[in-house]
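Presented below is the structure to which this report refers.
Numbering (UniProt numbering), first residue to last: 1 to 171.
Now the structure itself:
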């Protein structure tokens, strides 16, 4: 009996130590009201998650390294303006986690094509990741056109939004 108790205590301690050494998951759960739209006000550097007219969460953001104006071309450093949709989720983003924005839309593609250029793409709401941790404290607008929030904030956003939710990006 003594030997079995010692073994049980030893295994219990090992299990406890293993659980303590495990980093917290970046995947959060959310059971509140549904997010019905995301609103970004570029000028204020704020992102809002809304359910109807109720603001559920608000975040400070960083933008593309050329923050003024609507994204038109690949490599212009601008964040798009207009109405888009959440269209994909990247749990393995180099920026911790990322949520895709449906830029470019057909109008964006037609304009870029009319100018003989590419519209660009891969616009996301994403965390800082290692690159943002180095750049964001010194330069607020550091992305290539994406919308950046802190890593713990993208964890909330990633859990709260769903595909198809509109994102309204205002100047």
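From the three backbone atoms N, C-alpha and C, an ideal C-beta is built for every residue, glycine too.
Residue i to residue j span [Cα, whole Å]
i	j	result
residue 75	residue 66	10 Å
residue 122	residue 138	24 Å
residue 135	residue 42	19 Å
residue 106	residue 113	10 Å
residue 1	residue 25	Note that residue 1 scores a pLDDT of 49, beneath 50, so its modelled location is shaky; the value from the coordinates is reported in the next line. C-alpha separation (whole angstroms): 38 Å.
residue 79	residue 70	6 Å
residue 54	residue 77	32 Å
residue 152	residue 115	40 Å
residue 232	residue 156	In the structure as shown, the chain begins at 1 and stops at 171. Residue 232 is therefore absent and cannot be evaluated.
residue 33	residue 51	6 Å
residue 169	residue 143	16 Å
Residue i and residue j closer than 7 Å at C-beta
i	j	result
residue 161	residue 35	yes
residue 117	residue 62	no
residue 68	residue 86	no
residue 84	residue 129	no
residue 163	residue 81	no
residue 127	residue 154	yes
residue 166	residue 37	yes
residue 159	residue 30	yes
Close-in-space but distant-in-sequence residues of the same chain around residue i (CB under 6 Å, 5 per side omitted)
i	result
residue 102	84, 85, 87
residue 56	49
residue 119	104, 108, 109, 112
Same chain only: Cβ atoms within 7 Å of residue i, ignoring 5 sequence neighbours per side
i	result
residue 91	97
Same chain only: Cβ atoms within 8 Å of residue i, ignoring 5 sequence neighbours per side
i	result
residue 46	40, 58, 59, 60, 61
residue 172	Residue 172 lies beyond the range of the chain shown here (1 to 171); nothing can be said about it.
residue 28	155, 156, 158, 159
>> What ranges does the beta strand (DSSP E) occupy inside the segment 100 to 160, keeping only unbroken runs of at least 3 residues that lie completely in it?
In response: 124 to 126
> Are there three or more Cβ pairs, one per stretch, closer than 8 Å when the segment 142 to 160 is compared with the segment 46 to 62?
Replying inline: yes
>> Extract the residue ranges of the beta strand (DSSP E) inside the segment 42 to 71, only unbroken runs of 3 or more that lie entirely within it.
In response: 46 to 51, 54 to 60
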